[in-house]
Amino acid sequence: MRRLVPLEPADAPGKSKELLNDILDRRGSVGEMVATMAHSPALLEGYLNFSRAMKRVKLPRALSEKVSLAVQEWIGCGTCLQAHVEAGRAAGLSEADIALARQGTSTDAREAALIAVAVRVLAEPSSLTDADVADLRAHGWSDRIIAEIVGVVTLNLLTGAFNLLSGLQPAN
């Protein structure tokens, strides 16, 4: 059940109309989530800018998808989870990789450490300690990656929470 309806550019307020028209001009279509975010010009512009910025992270795409799978499993957004399953497959993840990521882990200890911290960034950020950061560094993760994991988690929280609140979910 849709709680918020997607907007056509003509019905969108202010800056949202401009942003939606720009997306239509460049891509030919606007996804449901983006069209629904158009109710808030600030949210839509922030999401689009943040999403573009997060495409420049140094985290390998397959690992970024593993993190997204773990986070979306925890959030419970079926729409986002399915999108990340498909993106994970496209990035070369096996069905076993996907299943483990949804459980918040990996067969690779280095990746498992990062994924576990990502889930904690979402679920219990106040529990993170100096030892957690030191452990990530001991696994070879740079401070850049450690910082960027917060962005990956945050983008997933934004999309998952928005889809859940707005009702952009498949019927159960």
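Each residue of the sequence shown is one higher than the one before, counting from 1468 in the working numbering. We put the beta carbon where it would ideally sit given N, CA and C, even for glycine. Please read these numbers as outputs of a predicted model, since none were measured by experiment.
Membership of R1523 in any alpha helix (DSSP H) is not indicated, and neither H nor E is assigned to it by DSSP. Within the same chain, and ignoring the five residues on either side of L1589 in sequence, the residues whose Cβ sits closer than 7 Å to its Cβ are V1538, W1541, V1620 and L1624. Between V1584 and D1599, the beta carbon gap of about 6 Å places them in contact (Cβ cut-off 8 Å).
Distance between G1607 and A1580, taken at the CA atoms: about 10 Å. Spanning the alpha carbons of H1551 and D1478 requires a straight line of approximately 30 Å. Pairing P1508 with P1476 gives a Cβ-Cβ distance that is not under 8 Å. The C-beta separation of E1532 from L1560 comes to about 6 Å, placing the pair in contact by the 8 Å criterion.
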